[in-house]
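Written out below as structure tokens is the structure these notes cover.
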Amino acid sequence: MADINLFKHSRDTTALEPGDVLFSEGETADSMYAVVEGSIVLTVNDNLIEEVGPGGIIGELALIDAAPRSATARAKTHARIAVVDKRTFSYLVHEHPTFALEVMTVMAERLRNANTRQ
Numbered sequence: 067m068a069d070i071n072l073f074k075h076s077r078d079t080t081a082l083e084p085g086d087v088l089f090s091e092g093e094t095a096d097s098m099y100a101v102v103e104g105s106i107v108l109t110v111n112d113n114l115i116e117e118v119g120p121g122g123i124i125g126e127l128a129l130i131d132a133a134p135r136s137a138t139a140r141a142k143t144h145a146r147i148a149v150v151d152k153r154t155f156s157y158l159v160h161e162h163p164t165f166a167l168e169v170m171t172v173m174a175e176r177l178r179n180a181n182t183r184q
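In my numbering, the protein residues as written are 67 to 184.
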């Protein structure tokens, strides 16, 4: 999976303990998250889909459409995440155009992986 290290030195982060749920499948969504430290697991119907570590992003679909969350994200280890809302996302796309390409790369990889699981 592509690494997006734009958030590596972010000071505005949230700490998670092992087992903490960041978001749940079916919830309303308005932000994506960048994993700064630790590991987050993504599950659908309690089935492991992916483990995301530092440099990874999760919940990016929330910035594209208004559909409910398609997966649950839970901290596997102690983790630190940066919240990216729509305003921040728009700013980052404007100031760092390659950021949008990196997010699209992650989305494409996840779609391809989902297609091979079916």
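A virtual CB, placed ideally from N, CA and C, is assigned to each residue, including glycine.
N-terminal and C-terminal residue of the alpha helix (DSSP H) that residue i is part of
i, result
"ASN113", "ASN113 -> not in any alpha helix (DSSP H); beta strand (DSSP E) instead, spanning 113 to 118."
"THR94", "Premise fails: THR94 is in no alpha helix (DSSP H) and is neither H nor E."
"PHE89", "Where PHE89 is concerned, there is no enclosing alpha helix (DSSP H), although the beta strand (DSSP E) it sits in stretches over 87 to 89."
"ARG153", "152 to 161"
First and last residue of the uninterrupted beta strand (DSSP E) at residue i
i, result
"GLU126", "Careful: GLU126 lies outside any beta strand (DSSP E) and carries neither H nor E."
"THR143", "Taken as a continuous stretch (DSSP letters only), THR143 belongs to no beta strand (DSSP E), as it is neither H nor E."
"ALA81", "80 to 82"
Residue i to residue j span [Cα, whole Å]
i, j, result
"ASN181", "GLU175", "10 Å"
"HIS144", "PRO163", "31 Å"
"THR79", "PHE155", "15 Å"
"ALA118", "ALA141", "What sits at residue 118 in the sequence shown is Val, not Ala. Approximately 10 Å between the Cα atoms of the pair."
"VAL102", "GLY121", "6 Å"
"ASN74", "ILE123", "What sits at residue 74 in the sequence shown is Lys, not Asn. So the alpha carbons of these two residues sit roughly 12 Å apart."
"HIS160", "MET170", "15 Å"
"ALA166", "GLY85", "30 Å"
"GLU126", "SER97", "7 Å"
"ASN113", "LEU88", "16 Å"
"ALA95", "LYS152", "11 Å"
"ILE115", "SER105", "13 Å"
"TYR157", "LEU177", "25 Å"
"VAL150", "SER90", "17 Å"
"GLU83", "ASN179", "28 Å"
Which listed residue (the options) has its alpha carbon closest to that of residue i
i, options, result
"TYR99", "LEU129, LEU167 and ILE115", "LEU129"
"ARG77", "ARG153, VAL159, MET170 and ALA148", "ALA148"
"ALA81", "ILE115, ARG146, VAL107 and SER105", "ARG146"
Beta-carbon proximity of residue i to residue j, cut-off 8 Å
i, j, result
"SER136", "VAL172", "no"
Whole-number beta carbon distance between residue j and residue i, since they are thought to touch under 8 Å
i, j, result
"PRO134", "GLU93", "6 Å"
"ALA139", "LEU108", "6 Å"
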